[in-house]
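Since the structure comes first, as structure tokens, the remarks are kept for the end.
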Amino acid sequence: MLIEHAGVRYPFPVVEPVAPFMMEDPAPFTPTQPVPQDRGRPPAILPPRFADWFAGRGWRIRDHQAALLDVMAAGRSALLIAPTGGGKTLAGFLPSLVALSRRDGRAKAGTAPRRLHTLYLSPLKALAVDVARNLEDPVREMALDITIETRSGDTKASKRQRQFVNPPDILLTTPEQLALMVAYRDSRRFFAALDTVIIDEFHALRGSKRGDLMMLGLARLVRLAPGLRIIGLSATVADPDAARQALVPGGEAVLVRGADGVLPEVTVHDSGARIPWAGHSTRHALAEVLAAIAKARTALVFVNTRSQAEFVFQTLWRLNDDNLPIALHHGSLAPEQRRKVEAAMVAGKLRAVVCTSTLDLGIDWGDVDLVVQLGAPKGIARTLQRIGRANHRLDEPSRAILVPSNRFEVLECEAAVEAVAERALDGEEPPPGGLDVLAQHLQGLGCAEPFTADAAFAEVRSAAPYRDLPRETFDRVLDFVTTGGYALKAYPQYHRLRRNRDGLYRIATPTAARQYRMNVGTIIEAPMLKVRLGRGRVLGEIEEGFIEQLAIGDTFLFAGEVLRFEGLRELSAIVSRSRSEDPKIPSYMGGKFPLSTFLAERVRRMIAEPGQHRGLPKQVAEWLRIQAWRSILPRAGELLVETFPRGRKHYMVAYPFEGRLAHQTLGMLLTRRMERAGFQPLGFVASEYALAVWSLREPHDIPALFDEDMLGDDLEAWLAESSLMKRTFRNVALIAGLIERRHPGAEKSGRQLTVSSDLIYDVLRSHEPDHVLLEATRADAARGLLDIARLAEMLRRIRGHIVTRRLDRVSPLAVPVMLEIGREPVHGAAQDALIDEVADDLIAEATRLL
Amino acid sequence: MIVNGERLEGQPNGALWWPAARLLVVSDLHFEKGTALARRGHGPLPPFDTRETLARIEALVAALGPTTLIALGDSFHDEQGPATLDGEERARIRALTAVTDWVWITGNHDPEPPRDLGGRAAPEVHFGGLHFRHEPRADAEAGEVAGHLHPKAAVSVRGRRVTRACFATDGRRLVMPAFGAYTGGLNVLDRAFAGLFPGPFHAWMLGDRLRAVASTRLSG
């Protein structure tokens, strides 16, 4: 094992990994497996009390745990990268526990009011609660005089107040709460003695707006508490050094690596059933998935979307003749219901849980020995995170089955398995920090105490996401929170911040401070409605947009049941139980995450090398073989574009493998260009792998259509009128504080106070198109919704490498994307039947050999 | 659309043109709404809503050349609205009230008619078979043209829901959409409309052109 810092490597003794700390299992070693003698240095830095405690448990301090103690003793910050189950959380807390245990020897407890010593930040409040619970064991067993508390949005106001006056030694909380706390008028005093900040799941926060907010909060903490040490805990990432450099605002961190775990055993499910050409349901494989569950102790079944979770849960239960206890867990379910599932899981009462990314992160679920991923995982990092949920220990391999839902996904899953075996990782460069988040943070700064623009700018730039923020942009954001930042007409009134004559900025009014506190955070959820069973209990929450498309009497799947929509009452969708087996409204089943660049590259390579096809399921290999015969298999680095007539239309299908978002943008731009060229395009459909455009006239000179210059004026013109931009603007305006969140109950009086963000967008765009919030909106859309950087990279890569094939009919490779046509705006089961009819047709046509 | 026998032309942007009387009606302008919200500590929204609304009226006046222009109440978002106009906006309003017989109908947001902006004020006016007032009355005579409620309508087609501001009329009375740049809407299937339209009616939804949709085909 190695400690790396600024290019210098300190060798540390390599020891076999031992049992992790955060495990329920108290006896990882049987008497026949004696504790191995530490071959390295003795844990001299470990006080006897701790050494005894480790020994009493039959554990030995791990190298990375000891290394972290060393680093902290030297007063430095550290990023610890270790796989799941590596005792990472204990490693993070050990230095604080040791320091606090020494304190109570010097100053007797109770003689002076406690000051906050360690702040722990986690992306999930449930994780914070879980970690606090696990932390109590060693504290109790070693009889340490250390107080530990959690704090979240659910914590009672009175308790939060008390925590502020009389803080615990260790406080576990979320980035949003950090934002609120640094905005306290008394934050300087509160954080003055802060010694350590521990950031759990740093990789999950980095690069997101929540991460931006957290890093700005940390930049503040570093100023308030000089000498503050920061410990980042991270899963394995593609670029550890970049992560290390991003951890400490204005400072350096040492990189500490845990030992790699045993390689997980990952297999791609080889279904005996026919593998579908398209779709995301994995319906064909669910009987076999159930059989795998029956053979395992406890299984986690991961899916990518809530609606898919509902569908899979429902279908599994229909097949579940043995009544295996299988539960459902996703973010829209009522909290009590989720708690129940979690408790049953920990108690070992469940054989399987069908879940979404709500169970991706850290919480210990006990005895999981199998992870099933339904649908392609889209990225390696996420795959590993999910696989790590099984066998939460280092010395046993995790076992996972990837279940592709269609033929392209077979390739994607195979690529993922290969990458896992090579310990290869995908990772994208995190984008620069959001300007909307910055606007929010500046309001918080003004709530705490007056500040100067120069000092705030220096502080903000010390946070990694804002490292390259130009002063001019900073000034525009500050101007926005002060006056609105409208160049053409200024409000006589100030906005959230007021600038004094002496150049100090402070929060303008108590109302502004209250509004800041009510609106803090960056998670903008779609407006949700409660789903209520008659006048009775609430089953959970569902997106308002989904309910809006229902007519009274429509049936849909929710909370594992088929429900009948009875109407809206205030903020609730009223439903009744339906006896029908099949819901009338199928939900959109597409993936939530775009295919990572890294996996895409591997899939392209896999297709290009027929030698690799032997390892594929027979159906898939044959599919590719017929493709090679009917058209071609594109070589790596080539973009294949096929054209063929069908019906009275001309189809053009391209296979960039760049993910749905980039393909959608490409489709938008291509159709504009084809329109100008007179090809009369009628529509397009994008999948993760391919794009199909159809037109009345046959397109020609195809390489010219894919010219890079489409990202210029066409993109601007399209963006300006796109509804995507309005949606993005709404989020930006909410985070920046231009408009306020809807608070349930405030709806009625709200009518006069709120203005639709669409109207604001239109007015702003026509009167001040260069406003800083529009700039933030364009940046967000380019990255999140349009994947423009990726599209640009692709267009550059394929220039001169476009291979066109003019076919007389659809090719096998084109079938999956063709089957997506008409699938997105589904309504009613009738359309599914229609698709099925078309589907059979297409396949016969594509595979006909003559 | 025909209201109480008079042929009216709703404009796609929500204004009402009565060719026979050369009369243009705009309702619920809510001038200075952005400023009003900012004053109460919200926003500040882009302070261009008044200009945006004015520009739309100016374009209509230039295109249609109305003799009379009725601002059907709630012309200002609140009573301080007239005072917060800047010089340019003030001048543009004066120019409009100078070239038309401009009538400020008094509304619930602006009971006091603005003094120095030109035009005349009245709680209601009557032309031919039509009666113009701000707030629709349940017991109104045939031919009432009112605003106040900001009607909008929603339709669901093939799984997609479209919502637009609209004119609502049953041929006897008409409720106009709000014209101001920052004005929202209330669904015509809301209780507030039930007393006004006891029978079937049509929502003329705004867009690139007006589209009439029978009330039975709307969604709530």
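Protein chains in written order, with our numbering: chain S, 1274 to 2123; chain F, 600 to 819.
Idealized CB from N, CA, C, for every residue including glycine.
The model shown is predicted, which means the values in this text are computed figures rather than measured ones.
- For W803 (chain F), the enclosing beta strand (DSSP E) begins and ends at 801-804.
- Where K1922 (chain S) is concerned, the enclosing beta strand (DSSP E) starts and stops at 1922-1927.
- Taking each of S:E1931, S:A1990, S:L1751, S:A1873 in turn and checking the Cα distance to G1776 (chain S), the smallest one comes out for S:L1751.
- Excluding the 5 residues flanking it on each side, I1660 (chain S) has same chain C-beta neighbours closer than 7 Å at P1537, V1539, V1644, S1671, A1673, in chain order.
- With contact defined as three or more Cβ pairs closer than 8 Å, the segment 1392-1407 of chain S and the segment 1470-1477 of chain S are in contact.
- In this structure S1904 (chain S) is buried. Its beta-carbon is surrounded by 16 or more other beta-carbon atoms within 10 angstroms.
- For E1687 (chain S), the closest alpha carbon among the candidates S:L1978, S:I2012, S:R1887 is that of S:R1887.
- Any Cβ of chain F closer than 8 Å to the Cβ of G1717 (chain S) would place that residue at the interface, and such an atom is absent.
- Boundaries of the alpha helix (DSSP H) harbouring V1344 (chain S): 1336-1346, taken from the DSSP string.
- Approximately 26 Å separates the beta-carbon atoms of L636 (chain F) and I669 (chain F); this is outside 8 Å, ruling out the contact.
- When the alpha-carbon of L663 (chain F) is set against those of F:G609, F:G672, F:A682, F:L671, the nearest one is in F:G609.
- Looking at the backbone, the Cα of F1681 (chain S) and that of D1594 (chain S) are separated by about 32 Å.
- Interface residue (Cβ-Cβ distance to chain S less than 8 Å): F675 (chain F) is not classified as such.
- Per the coordinates, the alpha-carbon of R1837 (chain S) lies some 23 Å from the alpha-carbon of V1627 (chain S).
- Under the criterion of beta carbons closer than 8 Å, F1930 (chain S) and A1873 (chain S) qualify as touching, at roughly 4 Å.
- In the structure shown, W1991 (chain S) falls within a helical segment according to DSSP collapsed to helix, strand and coil.
- For a cut-off of 8 Å, the C-beta gap from T1447 (chain S) to A1401 (chain S) is around 7 Å, short enough to register as a contact.
- In chain order, H641 make up the part of chain F whose C-beta sits under 8 Å from the C-beta of E2013 (chain S).
- Taking a C-beta cut-off of 8 Å against chain F, the contacting residues of the segment 1758-1769 of chain S are Y1759, L1761, K1762, A1763, Y1764, P1765, Q1766, H1768, listed in chain order.
- L1897 (chain S) and P1705 (chain S) have their C-alpha atoms some 41 Å from each other.
- Contact between the segment 2068-2083 of chain S and the segment 1952-1965 of chain S is not established, with fewer than three Cβ pairs separated by less than 8 Å.
- Counting C-beta pairs with one atom in each stretch, the segment 1590-1604 of chain S and the segment 1612-1622 of chain S have three or more that are closer than 8 Å, which means they touch.
- Spanning the alpha carbons of H641 (chain F) and R1547 (chain S) requires a straight line of approximately 58 Å.
- Distance from the Cα of D807 (chain F) is smallest, within the candidate group F:R606, F:L607, F:P611, F:E651, for F:P611.
- Annotation: A1466 (chain S) to A1498 (chain S) spans about 6 Å, alpha carbon to alpha carbon.
- The beta carbon of A737 (chain F) lies closer than 8 Å to those of G794, L795 in the same chain, with the five residues before and after it left out.
- When 8 Å is used as the limit between beta carbons, E2041 (chain S) is near these residues of chain F: P645, F647, in chain order.
- Under the DSSP definition of a beta bridge, T1446 (chain S) partners with S:L1394.
- Taking C-beta atoms as the reference points, G728 (chain F) and G604 (chain F) count as a pair closer than 8 Å.
- Of the residues assessed, S1735 (chain S) falls on the buried side of the cut-off, its CB having 16 or more other CB atoms within 10 angstroms.
- L773 (chain F) and L1397 (chain S) have their C-alpha atoms some 53 Å from each other.
- A1492 (chain S) is positioned such that its CB atom lies no closer than 8 Å to that of G1707 (chain S).
- In the same chain as H1714 (chain S), and ignoring 5 residues on each side of it, the C-beta atoms closer than 6 Å to its own belong to L1489, in chain order.
- T2077 (chain S) has its alpha-carbon roughly 10 Å from the corresponding atom of E1911 (chain S).
- Contact note: D685 (chain F) reaches chain S through K1762, using a C-beta cutoff of 7 Å and chain order.
- Using a CB distance cut-off of 8 Å, S2029 (chain S) counts as an interface residue toward chain F.
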